[in-house]
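Worksheet: the structure to be examined is printed underneath.
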Amino acid sequence: MKLFVAGMAHETNSFSPLPTSKRSFNEPMIRPRTGEGMDRMKDAVGYADFIRLGEESQMQVAKSIFCAAQPSAPMRQKDYEELRDEILADLMAAMPVDMVLLMLHGAHVAQGYDDCEGDIAERVRAIVGPKVPIGIELDLHANVTQKMLGNATALLACKEYPHIDFSERAKDLFELCKRAAKDEIKPVMAKFDVPMLGNFPTTREPLRSFVDETAKLEGKDGTLSVSLIHGFAWADFPEMGASVVVVADGDKAKAAALAETLGKRFFRMREQIKSPLRSLDDALNEAMAAPDGPVVMADRSDNAGGGAPGDSTYVLTEMMKRGIRNAALAMIWDPMAVQSCFDAGVGATLDLRIGGKTGRFSGAPVDVTAKITALAESPRQFVFGTEAPLGRSAARPRSMSTASTSCSTRSANRPSARSASPSSASIRRRRRSWR
Ligand SMILES: [Zn+2]
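Under our numbering, the first residue of the sequence shown is numbered 14, with each subsequent residue one higher.
Here's what the structure looks like:
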């Protein structure tokens with residue numbers, strides 16, 4: 014049996030001021046054909062799992078590229094088409110294949126393409142014909158479209174937010190498509206749209222129990238897979254939103270009925286499962302009143318992991334206004350400030366303008382007199398076990414107080430950042446401005 018594997022992932026934020034090009038996809042790019050980037054294979058969850066599972070099952074595995082970029086604005090059309098066509102050319106060269114597994118995101122938008130995953134699925138289907146199973150693994154922050162449903166054999170999203178289960182879901186999808194390729198099952202899909210948008214961590218009740226309950230439905234009574242799709246609010250196009258996708262064995266009406274039942278329950282719990290929002294004032298009041306530390310606040314609206322630029326100054330400005338001491342703020346994406354710090358060197362004192370540079374939603378730049386306490390050429394952090402580069406970074410205490418700030422740059426893109434907790438006033442302020 015011959016398996017074809019490829020991956021392209023981008024969570025596109027239509028409101029982001031940060032352009033996305035082919036270069037944005039360079040760092041995690043893996044090209045098995047030329048051997049380029051193969052050392053990063055362990056970081057390519059889903060894609061690397063498909064390859065390993067295929068090889069363990071003694072399949073012949075045809076590997077195309079895997080590439081991913083940090084969330085940012087819709088990709089340049091020509092660049093998207095080039096990467097997509099590289100995958101399609103590899104597929105044509107590998108034909109005939111018995112099954113196709115793709116690691117995509119579900120909220121990838123390019124200029125001229127609202128629905129990159131649907132576009133890829135349609136073109137792959139046109140090459141492999143109607144019978145070959147096409148399995149697509151998605152992030153649960155996906156906007157599932159009719160084009161995806163109409164061309165894939167099975168769409169299956171991770172179940173956990175934070176996303177810790179891509180590898181397990183890759184195995185589920187691999188097994189499902191393998192059985193379909195052997196004609197042991199006939200997967201059919203149904204989607205029920207759930208008219209809500211928001212952040213719904215699966216670590217908290219009642220969603221925790223609901224996810225566990227839906228997982229237990231799989232493998233029973235003809236239900237092959239259930240995905241609770243949260244949607245991605247910042248990819249602004251008509252088909253965006255939350256949904257429930259059910260894959261069933263042969264019985265589409267049954268899949269549709271289950272998707273509707275679960276979708277309506279998902280919708281009914283919306284008030285309980287959404288992330289609690291605090292105003293910036295309330296969050297700072299609460300933090301300052303806490304008897305013990307440390308207290309961690311996250312500025313959700315400037316979450317670089319969701320396509321925001323990461324250089325907003327609202328929190329910094331308010332902390333300075335209040336004269337808050339014994340606090341640190343990290344990080345602000347500001348390559349220009351970092352370059353000045355590197356030029357001045359550790360120990361130097363200089364006037365510095367920080368943040369607020371990518372657009373009006375980032376707030377005003379903050380002017381400080383700063384002493385540079387540390388410089389790092391290539392610090393890295395680990396996000397759910399995956400190594401992520403932060404780019405050149407500088408740290409300094411602000412001269413006005415003992416609070417310190419940290420700035421970062423990354424040559425091709427912003428720092429990797431995935432925050433998943435409290436919120437600030439700026440999210441509401443920003444949403445109002447954007448709409
Ligand atoms: Zn996600």
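Glycine residues also receive a C-beta, built at the ideal position from the N, C-alpha and C atoms.
Check each candidate in Lys55, Thr371, Cys171 and Ser391 and name the one with the smallest Cα separation from Ser85. Thr371
Consider the C-beta atom of His23 and the heavy atoms of ligand 1; say whether any pair is separated by less than 7 Å. no
List the residues that DSSP assigns as beta-bridge partners of Cys80. Met21
Drop a sphere of 10 angstroms on the beta-carbon of Gln83, count the other beta-carbons inside from all chains shown, and report buried for 16 or more, exposed for fewer. buried
Do you know offhand how far Glu69's Cα is from Lys184's? 12 Å
Inter-residue CB distance, Gly369 and Val381 (contact presumed, cutoff 8 Å): Their Cβ separation, rounded to whole angstroms, is 12 Å, which puts Gly369 and Val381 out of contact at 8 Å.
Mapping the DSSP letters down to three states, classify Asp185 as helix, strand or coil. helix
State yes or no: is the C-beta of Asp264 within less than 8 Å of the C-beta of Gly306? no
With distances taken Cα to Cα, identify the nearest neighbour of Ala343 among Phe355, Lys76 and Thr326. Thr326
State the Cα-Cα distance for the pair Glu218 and Tyr174, rounded to the nearest angstrom. 13 Å
Supposed close pair Met161, Ile147 - CB separation, criterion 8 Å: Wrong, their Cβ atoms sit about 10 Å apart, outside the cutoff.
Taking 7 Å as the line, does the beta carbon of Asp178 fall inside it for any heavy atom of ligand 1? no
Could I get the ranges of all uninterrupted alpha helix (DSSP H) runs contained in the region 24-48, with 4 residues as the minimum, in chain order? none
How is Tyr174 classed by DSSP in three states: helix, strand or coil? coil
Is Asp152 near ligand 1 - that is, is its Cβ less than 7 Å away from at least one heavy atom of it? yes
Less than 8 Å between the C-beta atoms of Ala19 and Leu115, yes or no? yes
I'd like to check one pair, Asp262 with Lys195: are the Cβ atoms closer than 8 Å? no
Is it buried or exposed for Glu130, if we count other Cβ within 10 angstroms and need 16 for buried? buried
Under 8 Å between C-beta atoms of Ala22 and Leu153: no
Roughly how many whole angstroms lie between the Cα atoms of Gly59 and Leu388? 35 Å
Backbone secondary structure at Lys265 - three-state DSSP: helix
Give me the residue from Arg53, Pro109 and Gly48 with the minimum Cα distance to Ala139. Pro109
For Pro214, which option in Glu95, Lys35, Met282 and Lys204 has the closest C-alpha, if you only look at C-alpha atoms? Met282
Return yes when the Cβ of Val328 is within less than 8 Å of the Cβ of Asp347, no when it is not. no
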